[in-house]
Amino acid sequence: MVLLKEIVEFLDGELGVKDVEDSSNNGLQVSGNKEVKKIAFAVDACMEVFEKAKDFNMIIVHHGISWDDSLKHLTGINYSRVKFLVDNNISLYAAHLPLDKHPKHGNNAELCRIFGLKHIHGFGNYHEQIIGFAGEKEISLKEFVKEINKKLNIKCKVFDFGNEKIKNIGVVSGGGSSALNEAIEKSLDCFVTGEIPHHSYQLAKEGKINLIAAGHYSTETLGVKALMNILKEKFKVEVKFIDAPTGL
């Protein structure tokens, strides 16, 4: 058994949550049991996840329930979510951008790892913060897409506006399409993100770059899974990943 305080202090320090400017109020968002035996991990803080984690002492997520002043009023869905956590004495910890940008455990670092990219370096300037990575892999676009689909168990959307043979690849998970302009400016062959807005189509076409939308949810399961393995080893607690895919 381990104290909640110990886990929170470890995560705050390891992820540097206090040093990252974010719309998410990262860190411990709801305080529950002071002692932790079982931790659930998920992408989204939602009732589907909460109900599946009812017997756990703590839930660690990428998308929490507190954003800017979103919990200013505890009514409606906000009330229901917080009430469930409080009634079941469950702590909720969220790490949004800190888990996207982390060089070891983050969503983008993990994507680069499973894609087998080499010579990895920072990429994806978001509000004066680098949250993604770029690297190299010589492969055909067709084969790269096959790899992504297999490793993420999805069918990604592909906009093949660039060369079939690719090498320089940028990666920003989730809603990272704002880095598309940067990918074009840096002459990358391919940019992988989670989801894209309508205007990205013509931007990628005119920029002559291959654009891959691999799913917001799918590209952001990897960071919490990496944390899960770390906390299991460090604190000897029972852990479980709760899959609640959105198809988006």
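Quick note on numbering: our numbering labels position 164 of the sequence shown as 167, and the sequence is numbered without any gaps. Beta carbons: idealized from backbone N, C-alpha and C, even for Gly. Computed from a predicted structure; not experimentally measured.
By the Cβ rule, the region 30 to 37 counts as touching the region 87 to 107, because three or more pairs are nearer than 8 Å. In this structure, LYS40 lies near MET4, with their beta-carbon atoms less than 7 Å apart.
Beta-bridge annotation (DSSP): LYS41 is paired with GLU241.
At a cut-off of 3 residues, the continuous stretches assigned as beta strand (DSSP E) that sit fully inside the region 107 to 136 are 121 to 129. Your pair VAL195 and ALA217 checks out as a contact, with CB atoms roughly 6 Å apart and the cut at 8 Å. Using a Cβ distance threshold of 7 Å, LYS211 and GLY165 count as a contacting pair.
Selection PHE244, PRO248, ILE233, SER176 evaluated against LEU18 yields ILE233 as nearest (Cα-Cα).
Secondary structure note for ALA216: its beta strand (DSSP E) is the uninterrupted segment 213 to 216. Counting C-beta atoms within 10 angstroms of its own C-beta, ASP246 has fewer than 16 neighbours from the protein chains shown and is therefore classed as exposed. A Cβ-Cβ contact shorter than 7 Å links VAL161 with ILE215. According to DSSP, LEU95 shares a beta bridge with VAL33, ILE62. Bounds of the alpha helix (DSSP H) holding ASN184 are 183 to 188.
Taking C-beta atoms as the reference points, GLY135 and PHE126 count as a pair closer than 7 Å.
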